[in-house]
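The structure appears below as structure tokens.
There are 2 protein chains.
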Amino acid sequence: MSSVLRCSTKLRAARLPAARALSTTARLRAEQPFFPNEPSAPSVKTAIPGPKNKAAAAELDEVFDVRSLNMLTDYTQSVGNYIADLDGNKLLDVYAQIASIPVGYNNPHLQKVAQSPEMTTSLINRPALGNFPSADWSHILKTGILKAAPKGLDQVFTAMAGSDANETAYKAAFMYYRQLQRGGPQVEFTEEELKSTMENQGPGSPQLSILSFKSAFHGRLFGSLSTTRSKPIHKLDIPAFDWPQATFPTLKYPLEEHAQENAAEEQRCLQEVEELIKTFHNPVAAVMVEPIQSEGGDNHASPAFFRGLREITKRNNVLFIVDEVQTGVGATGKFWAHDHWNLETPPDMVTFSKKAQTAGYYFGNPALRPNKPYRQFNTWMGDPSRALIFRGIIEEIERLGLVEHTRITGDYLYAGLQGLAQKYPEHFQNLRGKGQGTFIAWDTPKRDAFVAKAKEVGVNIGGSGQSAVRLRPMLVFQQHHADILLESIEKIIKLL
Amino acid sequence: MSSVLRCSTKLRAARLPAARALSTTARLRAEQPFFPNEPSAPSVKTAIPGPKNKAAAAELDEVFDVRSLNMLTDYTQSVGNYIADLDGNKLLDVYAQIASIPVGYNNPHLQKVAQSPEMTTSLINRPALGNFPSADWSHILKTGILKAAPKGLDQVFTAMAGSDANETAYKAAFMYYRQLQRGGPQVEFTEEELKSTMENQGPGSPQLSILSFKSAFHGRLFGSLSTTRSKPIHKLDIPAFDWPQATFPTLKYPLEEHAQENAAEEQRCLQEVEELIKTFHNPVAAVMVEPIQSEGGDNHASPAFFRGLREITKRNNVLFIVDEVQTGVGATGKFWAHDHWNLETPPDMVTFSKKAQTAGYYFGNPALRPNKPYRQFNTWMGDPSRALIFRGIIEEIERLGLVEHTRITGDYLYAGLQGLAQKYPEHFQNLRGKGQGTFIAWDTPKRDAFVAKAKEVGVNIGGSGQSAVRLRPMLVFQQHHADILLESIEKIIKLL
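Top to bottom, those sequences are chains A and B. Using the working numbering, the letters of the first sequence map in sequence onto residues 1 to 496. Using the working numbering, the letters of the second sequence map in sequence onto residues 497 to 992.
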């Protein structure tokens, strides 16, 4: 992370007194609302979906698949943490466009960015960034995407969304792996390689692999989907590469009561990873992992596990890619979730999307730039308009100290959820995400009903995996929102 | 295409008198410039790249791969058909961001779209379109993307760029194919399918294929790259699916002198396609084809060839997908290049990107919607901001009659190039694209030098394949630009 972002976090951290629990509450109480024009509470005026939503959904259905529709949204009436629908309902939104809105609906600073002359230019003169970047592209990167770069990574390849961010990272990994095998960037391709790749055969198109984890989610295009192992419905009928999957640790909660067991579980999983790297029939070029398996059910592992992964990948000359598409940009109380790990050497690549509102992968090792131009290339290679939005988001995060804020609010929220878990143990299993900002989840037997009923009490909430309720509030989620959420959860439980 | 777009074309066509050659010239002469503030001619003030460009490129290189850099662009100074660099050079741009700028740099109408309240809202409140589309998403689609829908296709799945437009179309094809095999949408997946797909194995992850053509370009992610057969550098070191490729016809020019030979060549290729569909070891779910192979060297085939393909795919119950990423949105003198073919039944899917400034695939058959929700899904599923830009582009195309305009200007330009080809036969082989608007190309032995020297005389021009110069002017390219281009080409030839 840049010195500016780091510095701001340090300053804030320094100001916090030792007695954390007390100071946290005090600090949160003193906080002004980030959005003075937000509703003070959710308002539910109709059944959801209401009559206007139903009519509009039927109209949309004529041309666009609406079977995954959650609610048709009136974005002009949504503000801060509140999402509005067509029937005048306003819900506290702790799902936030599948974890992708960081600084609130209709954020005034982003409004200014959207209305800037720079934005107009980038919207109407869309460059092919690899060939004709704008004169200020370097400046936009350095004051935006790269200002938030993870420690040790100072380069970026820009993309459009999580799937292609991950796939272009995989491509970089394969090219790097083969370059090592060949003996360096200066070694020319053989005639056989040039010929066989045009037929999709080895050695030009080698049968290499990316190792990912069971329950992982890394996207839905053909390469990324081959590393996605979340649910059959995501994968069925789509041809996939024969790539290996390792077991992701299944931790037992509360963590402090299962320390030894969990450590053994993580050790077992690490051994499996190393075994697969050594023996899988399609050689492994990279290990891909999420800091918290997000779509797959909010599965956590310890920093020690991830440090172990980093060691195994180094020992076996395999790249280590961290998928921060859902965990990145502050929600875990660090700008990047892998900042929690205290790695000795940074990941080889870190991918981002969602809350960044643009996408791509960071890297540091110059050898990860392919040895020739046009190997990693496409027409647009991202979108400067969305890069400008990310820059505005970073500015807003800095201005309001939102990463530190989210850490503290997360602690407050977690404490409240612990209270509820004690009161309603049958509805709260495996509460997890302590110390991970607001990136909190728990399992509940009637999860789908829970998520559906939430709307009745004015909360928009999501699930993940088979039985988890996942919280994905924005970074502008404050104590008073947490209080509303906690009360609402109790109401939902009573409705079940 | 919508009735509105069709109607406007008809009206213009009706106004054209019978003596086409004369009337065309007369009409073009009478035309007002679309951009009154455009330079009247290119101006080249420094060597290209000039000193400021070199310095800026070195700075960008610190964080972003610039080896594919063509020129750093000052978009604030670019206007209409002219692209400006940092050193004050203004070049006539007939490459147009790799064929992706339709209505000119800094188009005033798009400026209004970019500065509209709708745009601000869509930029700062980015929806997860499958879950939380905005209330006006249906309206945006119907007055934009779908207004330009190819005949017979009234549905859309939106995406971000050409690669994922093509890959999501492939996914739809695979799901459809397996559904037919299973016996319909109501047939449930088997336990074996559910289990095997989580291991990337059949039958859940079946070894099906997409048939594409030699020299084709369909994108660079793992699925799309498996159908791309343009150049080794696009494919090397990246694992690929074992999918079949058929020979794309190699036509001889001038077409009128080789009619019989070319027809036989196309027949031979069609037979190869049918043979592959019947015998390839990984069953073919769809045939993917570009109307003009654009990256692969501007390879054309006749409408009869494409009608033949459509027949073969129907006869063999295989889907027919047309990749209009580069050919779509007017440049061939029809809104969609496949409008030239007079198909009896429309393609099953048509993909788009580039000049649309957004991406996706059109379809008509409701069975191409997967049988369950969340099978074809991702967080953003496109970008409403870019959908608004496409709507603005369609409005501008209608207002100025740019499809018909491009057809007529293309005829004028082609006639001029024929003159040059007669004068400089050693520099002009296989001139092609007659009657295809401004989508014109020819082969030349010193292609790379030709493209490089073009900048010295003030023209930004691209190549394709091994030896083609490809023209990709914008739709606002007019006769006076064609005159400058023709003169410039003669100057370039003299410099070689």
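Every residue, glycine too, gets a C-beta built ideally from N, C-alpha and C.
Looking from the CA of A/Ala149, the closest CA among A/Lys334, A/Asn378, A/Ala135 belongs to A/Lys334. Counting along the chain, no beta strand (DSSP E) covers A/Asp411; the unbroken alpha helix (DSSP H) around it starts and ends at 402-423. Under the Cβ criterion of 7 Å, B/Pro779 is not counted among the residues facing chain A.
Taking 7 Å as the cut-off between beta carbons, none of the residues of the region 439-470 of chain A comes near chain B.
Counting only runs of at least 4 residues, the region 294-339 of chain A fully encloses the following alpha helix (DSSP H) elements, listed from N- to C-terminal order: 303-315. Put simply, the region 162-172 of chain A does not touch the region 606-614 of chain B. Fewer than three CB pairs are less than 8 Å apart.
The shortest C-alpha to C-alpha distance from B/Gln872 to any of A/Val66, A/Phe34, A/Arg407, A/Leu60 is the one to A/Val66. Minimum Cα-Cα distance from B/Lys710 among the listed residues B/Gly698, B/Pro681, B/Met694, B/Pro740 corresponds to B/Pro740. Out of B/Leu896, B/Thr934, B/Leu864, B/Lys548, the CA that lies nearest to the CA of B/Ala665 is found in B/Leu864. DSSP places B/Val846 in the strand class (E or B) of the three-state scheme. Neighbourhood of A/Val156 in chain B, by CB distance below 7 Å: Val559, Phe560, in chain order.
If you check the CB distance, B/Phe713 and B/Thr724 come in under 7 Å. By the beta-carbon neighbour count (other beta carbons within 10 angstroms, threshold 16), B/Glu558 is exposed. DSSP places A/Arg470 outside any alpha helix (DSSP H); the residue lies instead in the beta strand (DSSP E), whose first and last residues are 468-470.
Following the DSSP letters along the chain, one finds A/Trp137 inside the alpha helix (DSSP H) bounded by residues 137-143.
The closest CA to that of A/Glu193, considering only B/Met784, B/Gln682, B/Ile729, B/Asp650, is found on B/Ile729. Listed along the chain, the chain B residues whose CB falls inside 7 Å of the CB of A/Lys171 are Ile734. Contact with chain B is absent for A/Gly144, since none of that chain's Cβ atoms lies less than 7 Å from the residue's Cβ. Residue nearest to A/Asp443 within the set A/Tyr253, A/Glu275, A/Ala286, A/Gln357 is A/Tyr253 (criterion: CA-CA distance). If you draw a 10 Å sphere on the C-beta of B/Arg966, you find 16 or more other C-beta atoms in it, and that means buried.
The Cβ atoms of A/Leu86 and A/Lys54 do not sit closer than 7 Å to each other.
For B/Thr654, the enclosing beta strand (DSSP E) starts and ends at 651-655. Interface with chain B (7 Å Cβ-Cβ cutoff): A/Pro232 is included.
By the Cβ rule, the region 320-330 of chain A does not count as touching the region 69-79 of chain A, because fewer than three pairs are nearer than 8 Å.
Around A/Ile389, the beta-carbon contacts reaching into chain B at under 9 Å are Leu619, Ile620, Arg622. By the CB criterion at 7 Å, A/Ser40 and A/Lys90 fall outside the cutoff.
For the pair B/Trp837 and B/Glu820, the CB atoms are not nearer than the 7 Å cut-off.
Look at A/Trp341 here: in three-state DSSP terms it is helix. B/Ile788 sits in a strand when the DSSP states are folded into three classes. For the pair A/Ser68 and A/Glu295, the CB atoms are not nearer than the 7 Å cut-off. For A/Phe241, a Cβ of chain B is located within less than 7 Å of the residue's own Cβ.
Put simply, the backbone Cα of A/Gly458 is about 39 Å away from that of B/Thr686. Judged by their CB atoms, B/Pro843 and B/Val818 are nearer to each other than the 7 Å cut-off.
B/Leu772 and B/Ala742 have their C-alpha atoms spaced approximately 8 Å apart. For the 7 Å CB-CB criterion, A/His338 and A/Pro291 form a contact. Taken in chain order, the whole alpha helix (DSSP H) runs of length 4 or more contained in the region 152-219 of chain A are 162-182, 191-197.
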